[in-house]
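2 protein chains.
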Amino acid sequence: MPKIVDHEERRKQIAEATWRVILRWGMKGATVRKIAQEAGVSLGALRHYFTTQDELLLFAMKLVKERAAQRIREVQMRDLCPKEMVIQILLEILPVDEQRMAEMEVWFAFVFHQKYRESESEELQVGFFPQIRSILSKLQQQDLLKKGLDLETEAEKLYAIIDGIAVHAMLESQRLLPERIERVLRHHLDSIFKAD
Amino acid sequence: MPKIVDHEERRKQIAEATWRVILRWGMKGATVRKIAQEAGVSLGALRHYFTTQDELLLFAMKLVKERAAQRIREVQMRDLCPKEMVIQILLEILPVDEQRMAEMEVWFAFVFHQKYRESESEELQVGFFPQIRSILSKLQQQDLLKKGLDLETEAEKLYAIIDGIAVHAMLESQRLLPERIERVLRHHLDSIFKAD
Chain W
1 MPKIVDHEER RKQIAEATWR VILRWGMKGA TVRKIAQEAG VSLGALRHYF TTQDELLLFA
61 MKLVKERAAQ RIREVQMRDL CPKEMVIQIL LEILPVDEQR MAEMEVWFAF VFHQKYRESE
121 SEELQVGFFP QIRSILSKLQ QQDLLKKGLD LETEAEKLYA IIDGIAVHAM LESQRLLPER
181 IERVLRHHLD SIFKAD
Chain V
1001 MPKIVDHEER RKQIAEATWR VILRWGMKGA TVRKIAQEAG VSLGALRHYF TTQDELLLFA
1061 MKLVKERAAQ RIREVQMRDL CPKEMVIQIL LEILPVDEQR MAEMEVWFAF VFHQKYRESE
1121 SEELQVGFFP QIRSILSKLQ QQDLLKKGLD LETEAEKLYA IIDGIAVHAM LESQRLLPER
1181 IERVLRHHLD SIFKAD
């Protein structure tokens, strides 16, 4: 199936170029023209993936989701105790390095765009409350959490902490350094997990 | 000083019109033209306050800060126990009604704009970590918080919860209703305050 292989290869090549452009110029500076140049393809070839800035944003957001999901799968393969597993998974989506900060920037730009868009473009799920609740629910079933927790409220609180930290790390990166992010996260999980 | 009175009156009139327009059309639909019409003034008269969409956003953001500060001063006049005082102050800045949701929308638009702006326009302080830390510090001095709290981490966590909830309430308003917001907030403060 040479055609499909070509398509996948081309897609990968464009995805990587898109990512390098976002890292270098930020989401705002990531134009279709710059990406074509970086990927070494014509603007015409790029139209297969996105024709407008809106479609570019959607493409970038899908990349972010894929990248994060892949990293989370890798964490899940590791031999970690449940608490450490949760911490490492959450650190994969928090902006603790340049790559993840760029992902956060795309996420923020996308969420903002999706809220105010006028056209009926493709809708993408950006919230992850159900996933957070599901993780806490499993931990409770395994009897790893403190007794008597109000799981619904705890899930809402953990979800708020994650996105609150993410927004602050992006806007106040001088104060909220990676070690500080990890400290807050560990501190909070210690408060809901049973003592080791 | 008739001129100053006129200026203040006009400013108030435009501020109120700006607010009504934002409530009705959202930040994205709030154009200089619509505000002039709503305020019953000419576009020329409005130029004294803002000439561009950027300046309008700055004006709206200042309005948000003034409105919130005024409501917080009113809460501080009330006869409340310290924990209830903190809860009521925080509820003044969280999007628990239509007015505060519109304020949040302006805040979000402004923060996003300030991060990506190209021109060197006026910078406005939008974060409030020092205020949160100061509140917790005073409560600790009054011996109202649990023993042995790591104040710096607790301040970071409370700050994240507030902005995390604010962002989620704006993006997932169907799920995160006002009662739910208040429940998470009370639940968290109960976890750091000494038992009554």
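Quick note, the sequences are listed as chains W and V, same order.
Per our numbering, the first sequence starts with residue 1, numbered consecutively.
Per our numbering, the second sequence starts with residue 1001, numbered consecutively.
All C-beta atoms, glycine included, are put in the ideal place defined by N, C-alpha and C.
Model, not experiment: these values are computed from the prediction.
7 angstroms CB neighbourhood of residue i in its chain, flanking five on each side removed
i, result
"V:Glu1038", "Ala1017, Arg1020, Val1021"
"V:Arg1067", "Glu1103"
"W:Ala109", "Met27, Leu57"
"W:Glu154", "Leu136, Ile192"
"W:Phe59", "Thr18, Tyr49, Phe50"
Coil, strand or helix - residue i by DSSP
i, result
"V:Leu1136", "helix"
"W:Lys128", "The sequence shown places Phe at residue 128 of chain W, rather than the Lys named in the question. Three-state result, W:Phe128: coil."
"V:Phe1050", "coil"
"W:Leu145", "strand"
"W:Met1", "Low confidence applies here, because W:Met1 scores a pLDDT of 49, under 50, leaving its location unreliable; read the following figure in that light. Reduced to three states, the DSSP call for W:Met1 is coil."
"W:Val96", "coil"
CB-CB length for residue i against residue j, believed under 8 angstroms
i, j, result
"W:Glu8", "W:Leu91", "About 30 angstroms; that fails the 8 angstroms criterion."
"V:Pro1178", "V:Asp1097", "7 angstroms"
"V:Leu1144", "V:Pro1082", "6 angstroms"
"V:Leu1185", "V:Ile1087", "6 angstroms"
"V:Ile1089", "W:Ile161", "Wrong, their Cβ atoms sit about 20 angstroms apart, outside the cutoff."
"V:Val1167", "W:Val167", "6 angstroms"
Residues of its chain near residue i, where Cβ-Cβ distance is below 6 angstroms and the 5 sequence neighbours each way are ignored
i, result
"W:Lys34", "Val21"
"W:Leu158", "Ile132"
"W:Leu63", "Ala15"
"V:Ile1072", "Ile1089, Glu1092"
"V:Ala1030", "Val1021, Ile1022"
"V:Val1126", "Val1111"
Same chain only: Cβ atoms within 8 angstroms of residue i, ignoring 5 sequence neighbours per side
i, result
"W:Gln140", "Leu149, Leu151"
"W:Met101", "Pro95, Ala169, Met170, Ser173"
"V:Leu1046", "Ile1014, Val1032, Ile1035, Ala1036, Ala1039"
"V:Ile1113", "Before going further, note that residue 1113 of chain V is His rather than Ile in the sequence given. Closer than 8 angstroms at the Cβ level, and outside the excluded window around V:His1113, lie Asp1054, Leu1057."
"W:Ile165", "Leu94, Leu176, Ile181, Val184, Leu185"
"V:Lys1123", "Going by the sequence as given, residue 1123 of chain V is Glu instead of Lys. Gln1114."
"W:Phe129", "Ala155, Glu156, Tyr159"
Residue i classed as buried or exposed, judged by whether at least 16 other C-beta atoms fall within 10 angstroms
i, result
"V:Glu1105", "buried"
"V:Ala1069", "exposed"
"W:Trp107", "buried"
"W:Asp190", "exposed"
"W:Glu74", "exposed"
"V:Met1061", "buried"
"W:Leu43", "exposed"
"V:Ala1195", "exposed"
"V:Asp1163", "buried"
"V:Glu1156", "buried"
- Query: Contact between the region 75-94 of chain W and the region 45-56 of chain W: three or more CB pairs below 8 angstroms?
  - Reply: no
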